[in-house]
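Here the numbering used here is used: the first residue of the sequence shown is 108, the next is one more, and so on.
Every residue gets a Cβ at the ideal spot worked out from N, C-alpha and C, and that includes glycine.
Fair warning: this is a prediction, and the values are worked out from it, not measured in the lab.
Comments concern the structure below.
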Amino acid sequence: MQVVRNARSRLLQSWAWPPKTRVVAGLPASTIHRSAPHLQDAAAKQDIEDKEEARTPSHRSFSIYPPIPGQENSLRWAGKKFEEIPIAHIKASYNNTQIQVVSAAHQPLARASCGTEGFRNAKKGTGIAAQTAGIAAAAKATGKGVTHVRVVVKGLGPGRLSAIKGLTMGGLEVTCDEILNGRIKV
């Protein structure tokens, strides 16, 4: 224990006031300056490689962001374009969570809420109730042939993430999440 205290006090004393010039790297400064041209050469080589890759035709670069509706893209989910995938609208308020699955043409396919699933009063505003409503909405939608959905979340209630989890537990595959109020990213 005494050894640890001594080492700690020496460390604190070495960094105490007044400041002294310290060697940051274990190598002399001349070595550091000599390596700068090597870094510049490496950067130049990388630029040349990038230009060569740009000249050769390659496939489209992959983006982690979902495609914008109306933008031309080659992504397909179960043989459907992004614009043709049904949408699951989730409205998460502090007192209830409502989920409605609509087709790409905005025709209603399935609807569920915490109240329709048997939760009453303050229990409607919980995450468990939202998850149950998500499972019920997913079961109704899969009965009508829906396999993939886009999700639009509206509101700040406690059931916003639980409802998405319920949709996936019910058998739907969530392809994209949109947050309308922008507070929490899913």
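Just to confirm the assignment, what range does the alpha helix (DSSP H) spanning R218 have? R218 -> not in any alpha helix (DSSP H); beta strand (DSSP E) instead, spanning P215 to S220.
Which whole-angstrom value is the C-beta distance of L279 and T239, which I expect to be below 8 Å? L279 to T239, Cβ: 15 Å. No contact.
In the DSSP assignment, the beta strand (DSSP E) including A211 goes from what residue to what residue? Neither: A211 is in no beta strand (DSSP E) and is coded neither H nor E.
Exposure of H213, with buried meaning 16 or more beta-carbon neighbours within 10 Å: exposed
List the endpoints of the continuous beta strand (DSSP E) containing T282. E280 to I286
What does the Cβ neighbour count give for Q153, buried or exposed, with the cut at 16 atoms within 10 Å? exposed
Under the three-state DSSP convention, the category T254 falls into: coil
Mapping the DSSP letters down to three states, classify I197 as helix, strand or coil. strand
Is it a yes or a no for the region 228-235 touching the region 187-197, going by three-plus beta-carbon pairs under 8 Å? no
Report the rounded CA-to-CA distance for E285 versus D148, giving the unit in angstroms. 44 Å
Are the CB atoms of A244 and G273 nearer to each other than 9 Å? yes
I'd like to check one pair, V260 with I242: are the Cβ atoms closer than 9 Å? no
Between V208 and the rest of its own chain, which residues show a CB-CB distance below 7 Å, the 5 nearest in sequence each way excluded? P193, A195, L216, A217, A244, A248, V253 and V256
In terms of alpha-carbon separation, which member of I155, A229 and A199 lies closest to A219? A199
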